[in-house]
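Each remark here refers to the structure printed beneath this line.
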Amino acid sequence: MAANNAGDLSTAATRQLVGGAVGAIALGLGVALLRRGFTPQTGRETLAGARTHARQKRSPLRVDEPPQVKAARRLNRAAGLLGTSTLLDSAVEHYRGSFQNKAMYTPLIVSALMLAVSAHGTRDKRPIAHGVRDATYLAAALTGIAGTGFHIYNIAKRPGGFSWQNLFYGSPLGAPGAVALSGLLGYYSERLRDNESDKIPKVFGLPAGRALAALSGVGLLATAGEAGLLHFRGAYHNPFMFAPVTVPPLAGALLGETALSRPRRPRRLTRWWLRLTALLGFAGAGFHAYGVQRNMGGWRNWSQNVLNGPPIPAPPSFTGLALAGLAALGLLEEHPDA
Amino acid sequence: MLDEALHSPRGKDGRAPDPLRVGGWMPMRQYGENDEVDFAIVGTGAGGGTLACKLAEAGFSVVGFDAGAWWRPLEEFASDETHQEKLFWTDERICDGDNPLKLGSNNSGKAIGGSTVHFAMVSLRFRPEWLKSRSLLGYGADWPLDWREMWRYYTEVEQALKIAGPVNYPWGPPRPRYPYRAHELNAAALVLAKGCEAMGIPWSETPLATVSAPRGRSPPCVYRGFCVSGCSTNAKQSALITWIPRAVKAGAEIRDLAMAGRIETNDAGYVTGVHYYREGQWRFQRARNVVVAGYAIETPRLLLSSANSQFPDGLANSSGLVGKNLMAQTNQAAWGVMEDEIRWYKGPPSLAVTEHWNYTDTGKDFFGGYAYMSQGPLPRAWVSSLAGNRGLWGDALLRAMEKYNHQAGLKIVGEVLPQERNRVALADEKDRYGLPIARVTYSLCDNDKALVKHALNFMSQSLSVVGARDIWTESDDTCHLNGTARMGDDPRTSVVNADCRSWDIPNLWVCDGSVFPTVGGVNPSLTIQAIACRTADRIRAMAAQGSL
Ligand SMILES: Cc1cc2nc3c(=O)[nH]c(=O)nc-3n(C[C@H](O)[C@H](O)[C@H](O)COP(=O)(O)OP(=O)(O)OC[C@H]3O[C@@H](n4cnc5c(N)ncnc54)[C@H](O)[C@@H]3O)c2cc1C
Ligand code: SF4
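Chains as they are written, first to last, in numbering that gives the first Met the number 0: chain A, 0 to 337; chain B, 0 to 547.
Printed below as a string of structure tokens:
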């Protein structure tokens, strides 16, 4: 018999089921939320088709939305989602750390601002960058980079340095990285809007679609790395804990392939895999809510367990990055050379 | 009622308490007293609990007896050091010798699950050379066991208890990864870590038997630090919540509040069963085999007090060694006050460890080794240390207690040498059951004292290099008990063989901390459980060969 205690034996199966159910509910919620984002993006739609479709829907006075603006708005949404995840996560974690250092408020303020400008950007269909948004995104990217520096310094000065103990329990390296990434995505979206609609969109001189695919791919890999580290800390005690270290890295790899290979479409597998990753982000929040329940006192003791348990806001960062990846695919649909 | 379990037995009428649920019960098989069960096991702690589980899972009929109560920690363990003394074995004993032992809180428990219910969860492996310390290191006695085989059983126990340990352990031969990751270090552990780094020796997170992530119905540890008063969350993987429920599920019957008083033998020189006291009367359980697992004082006491005309010196005692070679590991400490707030009560008491002086043979003027660990005594334990061992009282005591949250400390688990004069014998006085009380005689030898001196010196230095002030040492303390029914290869110099089977009576076994020929400088429970797993495997193999 396996080395389980009686609790495990009688209830292991039920537990997995409950975990699965909570995850499934979150998944459903995620599907509902994402639907709106997905519907207009179906890959098989041709450019002309999309235009007719748009014309039918919109007032004759409105001009068509150029593809890069569409992509930019998707990116605003992605940045906003990632920003929400980092806002909530850093709020919980830094509250847990009693805001010992005033600088610990920075990610909260920056992420909140980023959320606001992302909401603004998502609704803004003008093909020009916006000064305040631009500045906010840039500030977020810089804050994230500075934060990573702080966290590295914090770990280095603890006894043991870059030991597993400090990687597990010291300041997380990946979290400020996510702030930087969402700032970067937002900044990128502003650059996209600056492109003229009839040219191949470029950002920093690179073809925008591919560069964005690469950026979101790297982001997915890095975030999966962070999840892998923390799930290793949790000893992968639940098999579902393997999901974020398998699904998103594959999505990252597919995006890498997209960035590097010759223009080709449709990328059906990549698109579906990114959607799966996006859903997994929401499901993860559900699993983490169940993880909180498994701490002493469960949700009745929420004020402690939300802090001790797995971070509920963290997994949706996968959704944000997957949306960015989908935006990249969208761009490539419009401009195979982008 | 928090102590209801002490008043009437719970493991009866076909059911037993489920310690993992509030008010929970689990079905339990029951044997009649006239049923000759395969194994009657006295004691359900690290040795007996583990063995009961493994034997039941191997298909043997097993009845376990324990003098202690069957607790449900979730509802019956209070956050109160005094109340939780209900877990200690505090029956009367007579202690003498040059260094009389203080028995009770930190060395023996009385409960289903034994001392593991309130143990500190430190789960270390023996240094391989210690199993041959006479031949390889020149002191003590050799064990009849091979370290490679033990390495496998350690792994089994670590898996069964989901030990939370470091990813890489700095000492000894490679071991498989601990099933759960190490816990976060508290400030008290960081004092140890910084001290070791300053002194140039390695340190590590301590492998602990409390989970760092959920496991079944055990939530992860909440770091409230009540471990040695009993863990009310069930994060601690004691025998009570691991081996015992497994044993019951596999068909073992466990009887709580059942004090074994005598083992019966027949004319052929075999044991036939156990006399035990439960619910106001003496009873007798027939058994094909009897295993004694009452820990290093109660085990020899039971063997000695079962003497009869055929075995006038007690059972299994042809070597005259039952009760002798008692080893109580030294447990001295260095304490100091830190500038920063430490709050050492947070979390399991010994989150960081160094085994440097277990694995280093140079720079020592003594045989054996010691590990030392960070500390976190709760206020009552600390005040009694300050009053009892430091001699503070009144205003001075009050002022010292005000520094409680800045206090840090290091404590050893030190090896002591086996000495025949350190022993458990029977006194003339009788206890409430009418059984002779144990007389425990204990004296440290020069080697033990030299080890303690070395350790106190080293630990004081490593506190001072990290800025501790007001450093003082506590030189009079002992912890885990071992020896008294040692295993060996030779019936003349040991009580049991490598399989824990007594040389004199083939169906009498001893399976607990008593069988250690030497103790090493690590806490013993992991080794006791590994030996129990091995014994179960050997019994199964012997049964298959018809040599049981
Ligand atoms: C406070 C404390 C902290 C500890 N910390 C650690 C640690 O961190 N790591 C570690 O490895 N070890 C630790 N130990 C030691 C460890 O708990 C013991 O070494 C181990 O439990 C001994 O196992 P055992 O089976 O020999 O005896 P026990 O676990 O003590 O079990 C013996 C059982 O037998 C019962 N019993 C005895 N006589 C009779 C009888 N005549 N009839 C019926 N029942 C009887 C007792 O009630 C008891 O329940 C600690 C011990 C204590 C007390
Ligand atoms: S600190 Fe952890 S192991 Fe100790 S009593 Fe509390 S929950 Fe149990």
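The beta-carbon is built from N, C-alpha and C at its ideal position, and this holds for glycine as well.
**Request:** Compare the beta carbon distance of B:A15 and B:I262 with 8 Å and say whether it is the shorter of the two.
**Result:** Not a contact, by the Cβ cut-off of 8 Å.
**Item:** Beta-bridge pairing of B:L425 - partner residues as DSSP gives them
**Value:** B:A437
**Within-8 Å CB hit, A:P106 to chain B** = no
**Request:** Count the other C-beta atoms from every protein chain shown that fall within 10 angstroms of the C-beta of A:R95, then say buried if there are 16 or more, exposed otherwise.
**Result:** Counting Cβ neighbours within 10 Å, A:R95 comes out exposed, since fewer than 16 surround it.
**Prompt:** CB of B:H182 to nearest heavy atom of ligand 1: below 7 Å?
**Reply:** no
**Prompt:** Is the Cβ-Cβ distance between A:L74 and A:L191 less than 8 Å?
**Reply:** yes
**Request:** Compare the Cα-Cα distances from A:L86 to each of A:A321, A:F149, A:P314 and A:A111 and report the closest residue.
**Result:** Ranking A:A321, A:F149, A:P314 and A:A111 by CA distance to the CA of A:L86 puts A:A111 first.
**Short CB-CB distance (under 8 Å) between B:E3 and chain A** = no
**Request:** Indicate whether the contact test is met: 3 or more Cβ pairs, each with one atom in the segment 175 to 182 of chain B and one in the segment 200 to 215 of chain B, closer than 8 Å.
**Result:** yes
**Message:** When you compare the CB positions of A:R209 and A:F167, do they come within less than 8 Å of one another, or not?
**Reply:** The Cβ-Cβ distance between A:R209 and A:F167 does not fall below 8 Å.
**Asked** Whose C-alpha, out of B:G260, B:A251, B:A542 and B:D476, is nearest the C-alpha of B:G13?
**Response** B:A251
**Request:** Can you say whether B:I40 is buried or exposed, counting buried as having 16 or more other CB atoms within 10 angstroms of its CB?
**Result:** buried
**Beta carbon proximity, A:M295 to chain B, threshold 8 Å** = Closer than 8 Å to some Cβ of chain B, the Cβ of A:M295 qualifies, so yes.
**Asked** Counting Cβ pairs, one atom from each stretch, are 3 or more of them under 8 Å apart for the segment 138 to 149 of chain A and the segment 155 to 164 of chain B?
**Response** no
**Prompt:** For B:I341 versus B:Q406, is the C-beta spacing smaller than 8 Å?
**Reply:** yes
**Prompt:** Residues in its own chain within less than 7 Å of B:R468 by CB, not counting five upstream and five downstream?
**Reply:** G335 and V336
**Request:** Kindly indicate if chain A contains any beta-carbon less than 8 Å away from that of B:A332.
**Result:** It does not; no Cβ of chain A falls within 8 Å.
**Request:** Taking only beta-carbon positions, decide if A:F167 is within less than 8 Å of chain B.
**Result:** yes
**Proximity test, Cβ basis, 8 Å: B:K193 and chain A** = Output row for B:K193: interface = yes.
**Prompt:** From which residue to which residue does the alpha helix (DSSP H) around B:L256 run?
**Reply:** No alpha helix (DSSP H) holds B:L256; DSSP gives it neither H nor E.
**B:P417 versus B:E196 - alpha carbon distance** = 33 Å
**Prompt:** What number of angstroms, rounded off, separates the C-alpha of B:V494 from the C-alpha of B:H479?
**Reply:** Rounded to the nearest angstrom, the two C-alpha atoms are 20 Å apart.
**Request:** May I ask you to report which of helix, strand or coil DSSP gives B:H82?
**Result:** helix
**Message:** Let me check one thing: in DSSP terms, what residues is B:D360 bridge-paired to?
**Reply:** Answer by DSSP bridge pairing: none, since B:D360 is not bridged.
**Request:** Compile a chain-ordered list of the residues in the segment 139 to 154 of chain B whose CB is closer than 9 Å to at least one CB of chain A.
**Result:** none
**Request:** Using a Cβ cut-off of 7 Å, pull out every chain A residue sitting near B:P213, in sequence order please.
**Result:** H236 and R293
**Item:** Distance, B:Y432 Cα to B:A259 Cα
**Value:** Straight-line Cα distance between these residues: approximately 10 Å.
**Prompt:** Along chain B, which residues have their Cβ under 8 Å away from the Cβ of A:W301?
**Reply:** Within chain B, no residue comes near A:W301; the closest Cβ sits about 14 Å away, beyond 8 Å.
**Prompt:** When DSSP builds the beta bridges, which residues end up paired with B:G413?
**Reply:** Its beta-bridge partners are B:T329 and B:Y369.
**Item:** Buried/exposed call for B:D394, threshold 16 Cβ in 10 Å
**Value:** Flag for B:D394 reads exposed.
**Asked** Would the C-beta of B:T154 count as close to ligand 1, meaning under 7 Å from any of its heavy atoms?
**Response** no
**Prompt:** Counting contacts by CB-CB distance shorter than 8 Å, is A:G233 in contact with chain B?
**Reply:** yes
**Item:** Sub-8 Å separation of B:L256 and B:P18 beta-carbons
**Value:** Contact: no.
**Message:** Measuring only from the beta carbon, is B:C510 closer than 7 Å to any heavy atom that is part of ligand 2?
**Reply:** no
**Message:** Could you check whether B:F366 and B:G137 sit closer than 8 Å to each other, using their CB atoms as the reference points?
**Reply:** Against a cut-off of 8 Å, the Cβ pair of B:F366 and B:G137 comes out as a contact.
**Message:** Against chain B, which members of the segment 144 to 167 of chain A pass a CB distance test of less than 7 Å?
**Reply:** P158, G159, W163, Q164 and F167
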